[in-house]
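Residue numbers (my numbering): 12 to 448. I have placed the structure first, in the form of structure tokens, so that the comments after it can refer back to it.
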């Protein structure tokens, strides 16, 4: 009988072969058994999005549950009664890490980096909610470590697994809408407080919450119910605002279809700049250079009630969330969160077209299944860190620009805003004592 540790090593080596595109039953003995085996998974963040993420992987063995909020922990324990319970994921990984194959990370944004890095250092596969990281530098470090440890990774921008998204990318890349130089993306977020100062004073910490662990790598501050649960998203110390919350969803299709990569510059108009919270609304313009045989692209992001003009597609209104990919022949109107997908329009009318040959596998709109199968030696999931880190970096650069209050020119290789060394503090992160990884 093999140990859990040696089993994980076998999972890793099998997946390395799978990633090379040469996996076969003759090369990997026992692959059929492995594919039918169950992963041992640790859940980091059991409440909120962690509820959905743990449900998404419930086909596997949920070995450990971790959350700083005892209410969330107990609620999930009812669903997974055999799981060991933890408040601190550092302790969880120390005590049962050698029994795990993988973890899900569904915490507030400021915990994504330390939780994921600690897990990957143990050789564990990771499924991490969007945005992958709290800062651009954190995202880049996560990519480096995932390559070093050769683990399977996936970001939780579930729309990337939708058949409609994959078909849209194939339509754009087939040339049906012509050359694209203009993109508009918007969201109805924030649906939480933004554009205000931090709460004054403090309140008693509820007996079900470990506030110090909730703060984790963030600077110490008194507890207030204006942060937890859910309202943390608008505070820079914990979240990344409407852009960070929805950018990796709503900009995904255009980023993928147009192979955008890193922008050369980013500039923002905002309702106001604050050291504490994201603005009530923002309009952010990203400029991308020519790529291979593709022309330069200008992408504009809108949140807080701002939208592009519906006149672009000859209509009167736009949905709450969506994107317009404007081509020289036609425009794609994509409604995020809609598995039925998109329309190809010209002068206000739908354009008939022949479906291009599929390029990307269809996974039943199920990112969890895609990740689990990849962990077991199947095809790599498509929102792995090689893809999702550049997407996350691009998204988070918008926050750097809006907090800077001016246009930034971006040096992606050096991870620097050109001529603005004072912005390094927004690009990197400095964790609280005891949380450096």
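By construction, the Cβ of each residue, glycine as well, lies at the ideal position given by its N, Cα and C atoms.
Three-state class that DSSP yields for residue i in the structure shown
i, result
"residue 219", "coil"
"residue 121", "helix"
"residue 266", "helix"
"residue 85", "helix"
"residue 126", "helix"
"residue 195", "strand"
"residue 438", "helix"
"residue 302", "strand"
"residue 296", "strand"
"residue 109", "helix"
"residue 77", "strand"
"residue 41", "The pLDDT assigned to residue 41 is 26, lower than 50, so where the model puts this residue is not dependable; a value taken from the coordinates is nonetheless given after this. The answer is coil: DSSP assigns residue 41 none of H, G, I, E or B."
"residue 62", "helix"
"residue 279", "strand"
"residue 93", "coil"
"residue 188", "coil"
"residue 390", "coil"
"residue 443", "coil"
"residue 146", "coil"
"residue 417", "coil"
"residue 261", "helix"
"residue 410", "helix"
"residue 448", "coil"
"residue 274", "coil"
"residue 180", "helix"
"residue 132", "helix"
Residues sharing a beta bridge with residue i, DSSP
i, result
"residue 172", "DSSP, once it has assigned bridges, lists no residue as partnering residue 172."
"residue 165", "138"
"residue 427", "422"
"residue 51", "72"
"residue 100", "Answer is none; residue 100 lacks a bridge partner."
"residue 310", "194 and 297"
"residue 114", "53 and 137"
"residue 288", "246"
Alpha-carbon to alpha-carbon, residue j and residue i
i, j, result
"residue 356", "residue 259", "24 Å"
"residue 297", "residue 196", "11 Å"
"residue 46", "residue 385", "10 Å"
"residue 116", "residue 177", "25 Å"
"residue 274", "residue 308", "9 Å"
"residue 17", "residue 112", "Low per-residue confidence applies at residue 17: pLDDT is 44, beneath 50, and the placement is therefore not dependable enough to give any value."
"residue 168", "residue 187", "26 Å"
"residue 404", "residue 414", "15 Å"
"residue 354", "residue 344", "5 Å"
"residue 162", "residue 328", "44 Å"
"residue 50", "residue 96", "18 Å"
"residue 137", "residue 230", "26 Å"
"residue 373", "residue 181", "12 Å"
"residue 73", "residue 402", "29 Å"
"residue 263", "residue 364", "23 Å"
"residue 434", "residue 418", "12 Å"
"residue 155", "residue 233", "35 Å"
"residue 428", "residue 422", "6 Å"
"residue 437", "residue 145", "10 Å"
"residue 211", "residue 221", "20 Å"
"residue 134", "residue 173", "28 Å"
Nearest residue (CA-CA) to residue i, options the options
i, options, result
"residue 439", "417, 222, 416 and 408", "408"
"residue 157", "218, 395, 307 and 417", "395"
"residue 288", "318, 257 and 250", "250"
"residue 380", "368, 393, 369 and 370", "393"
"residue 378", "369, 366, 391 and 109", "391"
"residue 131", "53, 362, 414 and 415", "53"
"residue 247", "59, 286 and 86", "286"
"residue 430", "420, 314, 323 and 72", "420"
"residue 62", "50, 85, 51 and 95", "85"
"residue 225", "240, 214, 71 and 138", "240"
"residue 98", "81, 114 and 106", "81"
"residue 118", "58, 88 and 160", "58"
"residue 305", "173, 277 and 269", "269"
"residue 191", "359, 89 and 302", "302"
"residue 342", "183, 267 and 64", "183"
"residue 5", "313, 121 and 284", "Within the shown structure, residues of the chain are numbered from 12 to 448, placing residue 5 beyond reach of any answer."
"residue 83", "382, 56 and 101", "56"
"residue 292", "387, 103, 206 and 441", "206"
"residue 265", "208, 442, 406 and 444", "406"
"residue 397", "295, 124, 152 and 209", "152"
**Prompt:** What beta strand (DSSP E) runs, 3 residues minimum, are completely inside the segment 312-374?
**Reply:** For the segment 312-374, whole beta strand (DSSP E) runs of length 3 or above, ordered along the chain, are 333-338, 342-345 and 353-357.
>> As an exercise, report each continuous alpha helix (DSSP H) stretch of at least 4 residues that is fully enclosed by the segment 199-255, in chain order.
In response: Whole alpha helix (DSSP H) segments, 4+ residues: 222-226.
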